[in-house]
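**Student:**
Residue numbers (this note's numbering): 843 to 1262.
1) Give me the Cα-Cα distance between residue 1217 and residue 1020, rounded to the nearest whole angstrom.
2) If I'm right that residue 858 touches residue 882 with Cβ under 8 angstroms, what's the distance once you round it to whole angstroms?
3) Suppose the cutoff is 6 angstroms on Cβ atoms and the five residues either side in sequence are ignored; what does the same chain contact list for residue 963 look like?
4) Closer than 8 angstroms by C-beta to residue 1005: which residues in its own chain qualify, once you throw out the five before and the five after it? Chain order, please.
5) Residue 1233: buried (16+ other C-beta within 10 angstroms of its C-beta) or exposed?
6) Identify whether residue 973 lies in helix, strand or coil by the three-state DSSP scheme.
7) Under 8 angstroms Cβ to Cβ from residue 1160, same chain only, skipping five residues before and after it: list those, please.
8) From this set, 888, 1192, 860, which residue's C-alpha is nearest residue 912's C-alpha?
9) Would you decide whether residue 889 is buried or exposed? Buried here means 16 or more other CB atoms lie within 10 Å of its CB.
10) To the nearest angstrom, how far is it from the Cα of residue 853 to the Cα of residue 878?
11) What are the boundary residues of the beta strand (DSSP E) that residue 1033 is part of?
12) In whole angstroms, what separates the C-alpha of residue 1017 from that of residue 1001?
13) Rounded C-beta distance between residue 1048 and residue 1112? I'm assuming under 8 angstroms.
14) Alpha carbons only, please: which of 1225, 1202, 1053, 1122 is nearest the one belonging to residue 1157?
15) In angstroms with no decimal places, state the Cα-to-Cα distance between residue 828 and residue 1149.
16) Output needed for residue 1008: all residues of its chain with C-beta closer than 6 angstroms, excluding positions within five of it in sequence on either side, in chain order.
Quick look at the structure:
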């Protein structure tokens, strides 16, 4: 793909609830910070709106402009915030808006200037029913889809599945894979085969599978080290007396990349229907990924046995067999193929070029006047302070599980006295 004419540089607004430059972890946080940085490095004028419930936070260092919007503790106060964000967008007058997971922007699509190129990124998706947040994140990404120019998915399977699930023409979707900025790490001398798992205690990221693989490894004679990143919860106690298992907890991005870069392989037994960022990070470092065969970016990016391995149905014994096989042979060729697959299709340059193809407006969208109908309440309210059987917490879970978009009208008519 050829880059667009640099004489027509766009002013880009990225909106998000997570941002790694303010210390937030998670895939979306890294995605947005990296995407903003990649655009700036290509000469674009970039502003990031961070919308979250916490006290105001600001980046220690960033190359893009930044504004913070605090989500109120009460839903009844959100309409004021939506109006504030809308006025800010009018003043900024961006050429492109790329919304990642902010429900307020999903509600504002119909009232934005029709000249603005409107892009919605689908970070979460579940083809079927789920009690997790992935379903509601997918639903928010397509909210007011008739007023969106493009819906970006992170793999080809999601394009087809989301189109089918939400009854939206497939032409509205496109696939742009995640990327990472390659950061070379200092390679340390080691005498054992190193395995990494970076899913903490999350079931959706396959922590139970990693735990069972680790238990099998414990009873082998292999010379290995098993590195577990993010808090491991109940899984940690089983291995505390065995020095071959290292539990790092939460690491800074720099420390994580150092740990990853010195690993031989990474376990990615995810159950999520999205492209795992750890896969791209591993390929960039030449670390061999061992992945579950979910319908995610994994089939798009890997040929099993070439630059990594796909394990059907997350079979623990198959993970173990592959690890045993890799530990007994020279893996340089597989590692080199992993690096090559990153360099050919997954670099920041590839990502920016893909987005630039969307900067040509090819649809004619309508525009409405701003009203309370454009208030779409925040879909991931923090309910941790409520008791586990609190009606607020349970109702919030049900709303998200059934992918109910909480418009202001729906809130006032149905949930005002239940959701405070």
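For each residue, glycine too, the CB sits at the ideal point set by N, CA and C. Nothing here was measured: the structure is a model prediction, and the numbers come from that model.
**Tutor:** Let me lay it out:
1) 30 angstroms
2) That pair is no contact at about 16 angstroms.
3) 942, 994
4) Within its own chain, the residues whose Cβ lies closer than 8 angstroms to the Cβ of residue 1005, once the five positions on either side in sequence are excluded, are 1011, 1012, 1014, 1015, listed in chain order.
5) exposed
6) coil
7) Short of 8 angstroms from the beta carbon of residue 1160, and not among the five residues preceding or following it, lie these beta carbons of its own chain, in chain order: 1153, 1154.
8) 860
9) buried
10) 11 angstroms
11) From DSSP, residue 1033 is part of no beta strand (DSSP E); its letter is neither H nor E.
12) 7 angstroms
13) The Cβ separation is near 5 angstroms, so the contact holds.
14) 1053
15) Outside the shown range of the chain (843 to 1262) lies residue 828, about which nothing can therefore be said.
16) 984
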